[in-house]
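So the sequence shown is numbered by our numbering: it starts at 289 and just counts up by one.
Every residue, glycine too, gets a C-beta built ideally from N, C-alpha and C.
Data block below; observations after.
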Amino acid sequence: MNSAVETLKQWVAESDNIVFFGGAGVSTESGIPDFRSTDGLYSQHYKYPPEQILSHSFFEAQPEEYFRFHRDKLVIEGAKPNAAHLKLAEWEREGKLRAVITQNIDGLHQAAGSRNVLELHGSILRAYCARCGKKHPADAVNHGEGVPRCSCGGVIRPDIVMYEEPLDMDTMQAAINYIRNADILIIGGTSLVVYPAAGLIDYYGGSKLVLVNLAQTAQDSRADLVIHEKIGQVFSQL
Ligand code: OAD
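What follows is the structure in structure tokens.
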């Protein structure tokens, strides 16, 4: 175990107020590609770049193409929680971790047993009618062909935050409160480039800011501990 991981292990052992804030890199070891790595979603070639397909205006204008991409790229059958998800759930059960704040939409933290999960960008495991708001099972969105429709005629959409759409303010405020009051803030598997989520780091005022990310981020110099390794591998040592 390297010394940074040892330090983190020590901090975790002594704390009952850990908050975790993560992104797509938390799920890559579960087989779900991230967005910005060289083999990530934004590096793959489509007729349109993924950030355009994942926008509200594109969804409205070309729902067929949106759902083709959604089912092909966002829904990964059989993905299971990895060591990072499982460790976070364990810490919560032990009373050490207060909240998981995630930009991911894959539901893997809950699948691992985490209960207090703040999903900043929603979840592909929920769906609702874009016209009347009625909730629907996500199955119609995630599987099948074509554009799923509600009985009112509206399009059934995933309960995710698309580009051009606002984040849920209650969720954002709760995330800010957890981070403000955290003893240790561990940020993992996120490039910290997509706002407003990336700005959450600014609310942490403590002295145990930990970044666990394969690639460097623009925030590395602010952290008290930086670990450039795979998060599942790191967490399995904690
Ligand atoms: P990114 O793809 O931008 O960043 C993922 C980061 O995780 C990269 O810096 C990788 O180096 C790192 N990484 C990959 N695998 C890792 C591993 N096993 N262990 C540790 N680090 C690893 O993903 P996000 O920051 O989550 O938004 O992207 C933010 C938002 O951009 C997403 O929520 C999504 C996307 O557009 C929406 O869809 C609204």
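What distance in whole Å lies between the Cβ atoms of ALA426 and ASN305, which are believed to be in contact at a cut-off of 8 Å?
Residue numbering aside, residue 305 sits at position 17 when the sequence shown is read from its first letter. Residue numbering aside, residue 426 sits at position 138 when the sequence shown is read from its first letter. ASN305 to ALA426, Cβ: 33 Å. No contact.
With which residues is LYS423 paired in a DSSP beta bridge?
The residue you call residue 423 lines up with position 135 of the sequence shown. TYR416.
Would you decide whether MET457 is buried or exposed? Buried here means 16 or more other CB atoms lie within 10 Å of its CB.
Locating residue 457 in the sequence shown gives position 169, where the first residue counts as 1. By the 16-neighbour rule on beta-carbons within 10 angstroms, MET457 is exposed.
Contact check, GLY313 vs ILE519 under 8 Å by CB: the rounded distance?
In the sequence shown, the residue the question calls residue 313 occupies position 25. In the sequence shown, the residue the question calls residue 519 occupies position 231. Sure, about 6 Å apart at Cβ, within 8 Å.
Determine the DSSP secondary structure at ARG445, reduced to helix, strand or coil.
Position 157 of the sequence shown, counted from the start, is the residue given in the question as residue 445. ARG445: strand per DSSP, three-state reduction.
Would you check if the distance between the CB atom of GLN391 and the CB atom of LEU408 is smaller than 7 Å?
Here residue 391 is taken as the residue at index 103 of the sequence shown, counted from 1. Here residue 408 is taken as the residue at index 120 of the sequence shown, counted from 1. It is a contact, given that the beta carbons lie within the stated cut-off.
Through-space distance from ILE448 to LEU488, alpha-carbon basis:
In the sequence shown, counting from the first residue as 1, residue 488 sits at position 200. In the sequence shown, counting from the first residue as 1, residue 448 sits at position 160. Taking the straight line from one Cα to the other gives about 19 Å.
Considering only residues of the same chain and omitting the five flanking positions on each side of ALA462, which have a CB-CB separation below 7 Å?
Within the sequence shown, numbered from 1, the residue matching residue 462 stands at position 174. Cβ neighbours of ALA462 beyond the five flanking positions: LEU406.
If GLY319 sits next to ALA367, beta carbons under 8 Å apart, how far is it from one beta carbon to the other, in whole angstroms?
Taking the sequence shown and counting its residues from 1, the one referred to as residue 319 is at position 31. Taking the sequence shown and counting its residues from 1, the one referred to as residue 367 is at position 79. Right, the Cβ-Cβ distance comes to about 5 Å (below 8 Å), so this counts as a contact.
Residue range of the beta strand (DSSP E) that includes GLY476
Here residue 476 is taken as the residue at index 188 of the sequence shown, counted from 1. Start and end: 472-476.
Option nearest ASN501 by Cα separation, candidates ASP322, GLU302 and THR295
For the purposes of this step, residue 501 is taken as residue 213 along the sequence shown, with counting starting at 1. Here the closest residue by C-alpha is ASP322.
Is it right to say ALA511 is buried, meaning 16 or more other beta carbons lie within 10 angstroms of its own, or is it exposed?
Counting from 1 along the sequence shown, the entry for residue 511 is found at position 223. Result: buried.
Out of GLY477, ILE464 and PRO338, state which residue places its alpha-carbon closest to the alpha-carbon of PRO484.
Indexing the sequence shown from 1 puts residue 484 at position 196. Taking only the C-alpha atoms, the option nearest PRO484 is ILE464.
Cβ-Cβ distance between VAL443 and PRO351 below 7 Å
On the sequence shown, residue 443 is found 155 positions in, with the first residue counted as 1. On the sequence shown, residue 351 is found 63 positions in, with the first residue counted as 1. For VAL443 and PRO351, yes; Cβs fall inside 7 Å.
Name the two residues that bound the continuous alpha helix (DSSP H) containing VAL300.
Position 12 of the sequence shown, counted from the start, is the residue given in the question as residue 300. Here the alpha helix (DSSP H) through VAL300 covers 291-302.
Which of the three DSSP states is assigned to PHE309 in this structure?
Here residue 309 refers to the residue found at position 21 of the sequence shown. Strand, per DSSP.
Where ARG468 falls: helix, strand or coil (DSSP):
In the sequence shown, the residue the question calls residue 468 occupies position 180. Note: ARG468 maps to helix in three-state DSSP.
Taking Cβ to Cβ, would you say HIS344 is nearer than 7 Å to GLU452?
The residue you call residue 344 lines up with position 56 of the sequence shown. The residue you call residue 452 lines up with position 164 of the sequence shown. Taking 7 Å as the Cβ cut-off, HIS344 and GLU452 qualify as a contacting pair.
Own chain partners of ARG381 with C-beta closer than 8 Å, once the 5 adjacent residues on each side are dropped:
Here the question's residue 381 lines up with position 93 in the sequence shown. Hits under 8 Å: GLY401.
Under the criterion of a Cβ to heavy atom distance below 6 Å, does GLY401 qualify as lining the ligand OAD?
What you label residue 401 is simply residue 113 of the sequence shown in a count that begins at 1. Incorrect: GLY401 has no Cβ contact closer than 6 Å to the ligand OAD.
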